[in-house]
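Each residue of the sequence shown is one higher than the one before, starting from 1 at the first, in the working numbering. The block underneath contains the structure these notes are about, expressed in structure tokens.
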Amino acid sequence: MARNETAGISLDVALDDTPATVSVDNLIIAGWTSRDVAAMEAHIRELEELGVTRPESTPVFYRVAAAMLTTAGAIQVSGPHSSGEVEYVMLNHAGEWWVTVGSDHTDREAETVGVSLSKQMCHKPVGRTWWRFADVKDHWDELQLKSWIVDGEDRILYQDGGVAAMKRPEELAGLYGGLNENWAMFGGTLAAIGGVRPAPGFALELHDPVRNKTISHAYRTDVLPVEG
Numbered sequence: 001m002a003r004n005e006t007a008g009i010s011l012d013v014a015l016d017d018t019p020a021t022v023s024v025d026n027l028i029i030a031g032w033t034s035r036d037v038a039a040m041e042a043h044i045r046e047l048e049e050l051g052v053t054r055p056e057s058t059p060v061f062y063r064v065a066a067a068m069l070t071t072a073g074a075i076q077v078s079g080p081h082s083s084g085e086v087e088y089v090m091l092n093h094a095g096e097w098w099v100t101v102g103s104d105h106t107d108r109e110a111e112t113v114g115v116s117l118s119k120q121m122c123h124k125p126v127g128r129t130w131w132r133f134a135d136v137k138d139h140w141d142e143l144q145l146k147s148w149i150v151d152g153e154d155r156i157l158y159q160d161g162g163v164a165a166m167k168r169p170e171e172l173a174g175l176y177g178g179l180n181e182n183w184a185m186f187g188g189t190l191a192a193i194g195g196v197r198p199a200p201g202f203a204l205e206l207h208d209p210v211r212n213k214t215i216s217h218a219y220r221t222d223v224l225p226v227e228g
């Protein structure tokens, strides 16, 4: 549900087990955030194969309209060339940091023209459940990310790894200059198993093995025709 008085958005979510409405006024997509230089190079190369220009320096922070965030189970995309990427997502809400799982869904054809343009073209699905960052901070590097491409009954593992592959939220926020109230930030992604490719559906999860809790989300992509 978009708010009329600002350019941001309000999302109905669950903060742990408590229903809440959170506001997001600014959305930042952090890219090339890997702690592992070799892993980051692998992701850069797989995007170069699609024609995406190598970044001059890393990490890179892309600004995207906050209204592109959604918890819906479907998004509409222009043409058949977009795909998802599982990421952790941080939000500063009511003076606390919260974390969920999200997909930096991106138009790969537009990405060859300009990364900022491509980021703006697709909605960014996020989970409906958010954990208090303070509850996972001490074992943050144990958290796991996974994604699957979904095509009918087929569910194929697409990404699999730990958040330890990416820079910690505190470091990323510090590099950006802070994470202010009602700001959200995507924390970076993992290399795709079998290469970056589109799919009719995408499923993703953030798993906490210490507390045995999982945030899951899934969505389908409804492809709109390109007429010119």
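A virtual CB, placed ideally from N, CA and C, is assigned to each residue, including glycine. As the structure is a prediction and not an experimental result, all values here were calculated from the model.
Residue i classed as buried or exposed, judged by whether at least 16 other C-beta atoms fall within 10 angstroms
i    : result
H105 : buried
A38  : exposed
Q76  : exposed
P225 : exposed
L172 : buried
L237 : Outside the shown range of the chain (1 to 228) lies residue 237, about which nothing can therefore be said.
G8   : buried
L179 : buried
V150 : buried
Reference residue i; option with closest CA among the options
i    : options                   : result
I215 : V86, E48, A199 and Y176   : V86
E56  : A67, R63, I44 and E49     : I44
N212 : L143, R197, G194 and N180 : L143
E111 : V196, D222, T221 and A14  : V196
N92  : G79, T21, Y62 and V113    : T21
E96  : W183, A218 and A7         : W183
P125 : A7, P19, E109 and T221    : T221
A72  : T33, R132 and H217        : H217
P19  : E49, E41 and R128         : R128
W98  : V223, G194 and V24        : V24
W140 : K167, T189, L117 and V223 : K167
I193 : A74, D160, M185 and V223  : D160
T100 : V136, A94, D107 and G79   : V136
V113 : L50, E181 and T189        : L50
D16  : E181, A74, R132 and V223  : R132
C-alpha gap between residue i and residue j, whole angstroms
i    : j    : result
A67  : D138 : 32 Å
W130 : A14  : 6 Å
M121 : P200 : 17 Å
A134 : G228 : 49 Å
A191 : Y219 : 20 Å
T58  : T33  : 7 Å
E170 : A42  : 25 Å
R155 : S147 : 10 Å
D107 : M185 : 19 Å
M40  : L117 : 22 Å
Beta-carbon gap between residue i and residue j smaller than 7 Å
i    : j    : result
V115 : G102 : no
H123 : T53  : no
A203 : D36  : no
V60  : L27  : no
A30  : G152 : no
H81  : E109 : yes
Y62  : K119 : yes
L206 : L145 : yes
S83  : P209 : no
Taking the runs of the beta strand (DSSP E) that are 3 residues or longer, which of them lie wholly in the segment 4-46?
9-15, 18-24 and 26-31
In chain order, which beta strand (DSSP E) runs of at least 3 residues are fully inside the segment 118-189?
129-132, 144-151, 154-162 and 183-186
At 3 residues or longer, what runs of the beta strand (DSSP E) sit wholly inside the segment 53-97?
Within the segment 53-97, the complete beta strand (DSSP E) runs of at least 3 residues are 60-64, 74-78 and 86-93.
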